[in-house]
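Given below as structure tokens:
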């Protein structure tokens, strides 16, 4: 049954709110997904601070135009379109959809996305999904900053060990 104008206006309002809050948006073609698969994907996304929303391309396009994305043409994207809004980590939606794509034998695929206010192609979204998470990058940064300090401490400890070994050898001779 088609939606009434009131229902469409309500959906448009919800979309506008989500676009305003989102740090990133991933568009996914979900033609082969079952209802059970959709619900499982929604749960996984919700646990990571993201949200999966299905709407007609025209409604999505209207909402994005109201949010100052004038050049966005979603009608050229093929298949049924879902928008995955990332409210926390910018790449979390892409990572989760990519993981789900592997486990569901390609029933869902990237159609594009929006990152830092710009439309990005499906191939760029797939590349984003391969990046390490923010927490992992921060851990690597801390390790890189800590490496010279720990190396310096080991060098100093080596000198002390050498001195202790020399004193021990001198003590054993006497």
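Numbering (the numbering used here), first residue to last: -16 to 157.
Quick reminder that beta carbons are idealized off the backbone N, C-alpha and C, glycines included.
Bounds of any alpha helix (DSSP H) do not take in residue 65; it lies within the beta strand (DSSP E) bounded by 64 to 69. With the rule of 3 Cβ pairs closer than 8 Å, the segment 107 to 115 counts as touching the segment 75 to 86. Cβ neighbours of residue 28 within its own chain (closer than 7 Å, five residues either side excluded): 34, 35, 67, 76 and 79. Of the residues assessed, residue 128 falls on the exposed side of the cut-off, its CB having fewer than 16 other CB atoms within 10 angstroms. In its chain, beyond the 5 residues on either side, 24, 87, 90 and 91 have a beta carbon closer than 8 Å to the beta carbon of residue 16. Going by beta carbons, residue 64 and residue 40 fall inside the 7 Å limit. Within the model, the alpha-carbon separation for residue 6 versus residue -2 is close to 14 Å.
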